[in-house]
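All letters in the sequence shown, in the order written, are residues 115 to 263 by the working numbering.
Here is the structure we will look at, set down as structure tokens.
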Amino acid sequence: MRFNVPQPPAGEVVATFTTYDSAVAFVENLVAKEFPPAAIAIVGNDLRSIERVRGRLSYATVAVRGIMNGSWLGFIFGLFFTSNILTSVQTMLTWVLFGAAAGILFNVIRFSMARRKRGFISVSQLMAKEYQVQIQGDLVAKAKQISGL
């Protein structure tokens, strides 16, 4: 069995940008002028991980999130297991309440077990210091002509 190992894109750097949006706008301009998209690569250099703290975790926030997620899950199960139209509202409400209770229980237990690890909510993302647009060697001149470089 042979695995395809990812390779860095081959090509010449045509333009360098400090923001991803600028690189995307440059590529959009090329593609809009009938440039072959398969010959373009956006390469991010000097990657860094950024974690943005969104809020504080407490038993109350964990319980509310458990209610919301569990209610949705109960609603979906209720849709699958409701067979009679006359009792559908009562059955659906039962499933939603059961899901909310299970969501609270699950989230609070999980939070109490991991309480010493983190007391906040965060979102992680990868960002690059610069973004380079690379073009395959035989199409570099065409890309420079289209973009006016």
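Glycine included, each C-beta is placed from N, C-alpha and C at the ideal position.
All of these numbers come straight from a predicted model, not from anything done at the bench.
Asked: According to DSSP, is Leu108 helix, strand or coil?; Found: The structure shown does not extend to residue 108, since the chain spans only 115 to 263, so no value can be given for it.
Asked: Which class does Arg162 belong to by DSSP, given the choice of helix, strand or coil?; Found: strand
Asked: Which partner residues of Phe131 appear in the DSSP bridge assignment?; Found: Tyr245
Asked: Exposed or buried, what is Leu240 when buried is set at 16 or more other beta-carbons lying within 10 Å of its beta-carbon?; Found: exposed
Asked: Using a threshold of 7 Å, state whether the C-beta atoms of Ala124 and Phe140 are closer than that.; Found: no
Asked: Under 8 Å by Cβ, that's how I've got Ala242 and Gly158 pegged, so tell me the actual separation to the nearest angstrom.; Found: 3 Å
Asked: Can you name, in chain order, every residue of its own chain whose Cβ lies under 6 Å from the Cβ of Val138, other than the five neighbours on each side?; Found: none
Asked: Starting from Thr175 and walking both ways along the alpha helix (DSSP H), at which residues does that stretch end?; Found: Tyr173 to Phe195
Asked: Residues in its own chain within less than 6 Å of Glu165 by CB, not counting five upstream and five downstream?; Found: Ser236 and Ser238
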